[in-house]
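Taking it in order: structure first as structure tokens, then the write-up.
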Amino acid sequence: MKEKINLIESRLKELILKNSSYHKVLFDAANYSLLSSGKRLRPLLVLATVEAFNKDINLGLDPAISLELIHTYSLIHDDLPCMDDDDFRRGKPSLHKAYPEWLAVLTGDYLLTYAFEIITNTKNLDDAKKVKLIRSLTKYSGGNGLIAGQVVDLSFEGKEIGFEKLKFMHLNKTAALFMAAIEFGCIIAGALDDVTDKFVAFAKNFGLAFQIFDDIADYDNKKSSDITKNKATAPAILGIKKAKKLALDLQKKALDILNSLDLDTAFLKEITAKIL
Ligand code: GRG
1 MKEKINLIES RLKELILKNS SYHKVLFDAA NYSLLSSGKR LRPLLVLATV EAFNKDINLG
61 LDPAISLELI HTYSLIHDDL PCMDDDDFRR GKPSLHKAYP EWLAVLTGDY LLTYAFEIIT
121 NTKNLDDAKK VKLIRSLTKY SGGNGLIAGQ VVDLSFEGKE IGFEKLKFMH LNKTAALFMA
181 AIEFGCIIAG ALDDVTDKFV AFAKNFGLAF QIFDDIADYD NKKSSDITKN KATAPAILGI
241 KKAKKLALDL QKKALDILNS LDLDTAFLKE ITAKIL
């Protein structure tokens, strides 16, 4: 995992260029957010999926990084005062605390736009695959994906919601980008549709479990922003015992799907075990 994180981080550094023109500060801000202590989970999942098909993981590197850019843009915007209003991210002041707020908005916009440019410029992938990657990215990060999750999260803040709405939120806010990562790997490897469907089902269960485990870890933390903002979470709605059982069931479902595939999914299993 460490080796692959190093690969991802060195390519990330190459792709976010330094710039000495009048708008240099935009690239400084992008580097500030990108080159911090993120787990690089979404890019890792892309590489792990490509590896499962015994293909060269380098083919997946640039598309993998485009997902880290989308993820980072979403964190920058989420932290803004008009959204979640968080002062810290990845162990340091949020971007809008280190730089002006307008620049944080524009840096998020830049990362979102640049993600698509990176896909179109990827070497060694044919145009048909690039179009598939862009379609997948718009599906999972757009108005019926990541953004939908954020709209629901902010509209329901402070209100009581049932489990179905919570699941919708988790599916879109958290699982969607994991589903994109796994679908990316399948597209790059040229997987058949039915195999892709199974991989994406793995990512959905993984993503839901990831969010519930995250909520459980936060539950006892009185200073957590989820708690202070009275956000709906699985332990708050279901109780801690049921939430734990649900997260473990989802994790098991995810692993069962990997085991049902006739492929070498050892690295995906390693990520699942380490992260969940
Ligand atoms: C602004 C469109 C838009 C969306 C924002 C990212 C997000 C949606 C909200 C942030 C809060 C949150 C709980 C999101 C769910 C996804 C999640 C758990 C993100 C954190 O992912 P990690 O743990 O973060 O992979 P690192 O920093 O390791 O990359």
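Heads up: the sequence shown is residues 1 to 276, going by our numbering.
Even for Gly, the Cβ is constructed at its ideal location relative to N, Cα and C.
**OP:** Output the distance between the C-alpha atoms of VAL131 and ALA217, rounded to the nearest integer angstrom.
**Re:** In the sequence shown, residue 131 corresponds to position 131, counting from 1. In the sequence shown, residue 217 corresponds to position 217, counting from 1. VAL131 and ALA217: Cα-Cα distance of roughly 39 Å.
Original post:
Taking LEU238 as the reference, which of LYS252, TYR219, GLN150 and LEU261 has the closest Cα?
Top reply: As a position in the sequence shown, residue 238 is number 238, starting the count at 1. Minimum Cα distance to LEU238 is reached at TYR219.
Subject >> Assigned exposure category for SER74 - 16 Cβ within 10 Å defines buried >> reply: Position 74 of the sequence shown, counting from 1, holds the residue named residue 74. SER74 is buried by the Cβ-count criterion.
Subject >> Residue from GLY38, LYS198, ASN144 and GLU183 with nearest C-alpha to ASP262 >> reply: The residue you call residue 262 lines up with position 262 of the sequence shown. Among GLY38, LYS198, ASN144 and GLU183, the Cα nearest to that of ASP262 is on LYS198.
Subject >> Stretch-stretch touch, CB-based, cutoff 8 Å, three pairs: the segment 204-216 with the segment 233-252 >> reply: yes
Subject >> Whole-angstrom distance between ASP127 and THR232, CA atom to CA atom >> reply: Taking the first residue of the sequence shown as 1, we reach residue 232 at position 232. Taking the first residue of the sequence shown as 1, we reach residue 127 at position 127. One detail in the question is off: residue 232 reads as Ala in this sequence, not Thr. If you take the alpha carbons of ALA232 and ASP127, they lie about 42 Å apart.
Original post:
Below 9 Å between beta carbons: does that hold for GLY149 and LEU45?
Top reply: Position 149 of the sequence shown, counted from the start, is the residue given in the question as residue 149. Position 45 of the sequence shown, counted from the start, is the residue given in the question as residue 45. Cβ atoms of GLY149 and LEU45: not closer than 9 Å.
Original post:
Of all the alpha helix (DSSP H) runs that stay within the bounds of the segment 240-266, which reach a length of 4 or more residues?
Top reply: 240-260
**OP:** Taking 9 Å as the cut-off, decide whether the C-beta atoms of ASP153 and LYS173 are in contact.
**Re:** If you number the sequence shown from 1, residue 153 lands on position 153. If you number the sequence shown from 1, residue 173 lands on position 173. Taking 9 Å as the Cβ cut-off, ASP153 and LYS173 qualify as a contacting pair.
Original post:
ILE57 to LEU268, Cα distance in whole Å?
Top reply: As a position in the sequence shown, residue 57 is number 57, starting the count at 1. As a position in the sequence shown, residue 268 is number 268, starting the count at 1. Going from the Cα of ILE57 to the Cα of LEU268 covers about 13 Å.
Original post:
Roughly how many angstroms lie between the CA atoms of LEU171 and LYS204, to the nearest whole one?
Top reply: Working through the sequence shown from its first residue, we reach residue 171 at position 171. Working through the sequence shown from its first residue, we reach residue 204 at position 204. In a straight line, the C-alpha of LEU171 is about 7 Å away from that of LYS204.
Subject >> Selection from ILE76, VAL105, LEU146 and ILE134 that minimises the alpha carbon distance to ALA175 >> reply: Within the sequence shown, the letter at position 175 stands for residue 175. That would be LEU146, whose Cα lies nearest to the Cα of ALA175.
**OP:** Excluding the 5 residues preceding and the 5 following PRO235 in the sequence, name in chain order all residues of the same chain whose CB lies nearer than 7 Å to its CB.
**Re:** Here residue 235 corresponds to residue number 235 of the sequence shown, with the count starting at 1. Within the same chain, PRO235 has close Cβ partners ASP215, ILE216, TYR219 and ALA243.
**OP:** Flag this pair as yes or no: are the beta carbons of SER141 and LEU177 separated by less than 9 Å?
**Re:** Against the sequence shown, residue 141 aligns to sequence position 141. Against the sequence shown, residue 177 aligns to sequence position 177. Their beta carbons are under 9 Å apart, which means SER141 touches LEU177 by this criterion.
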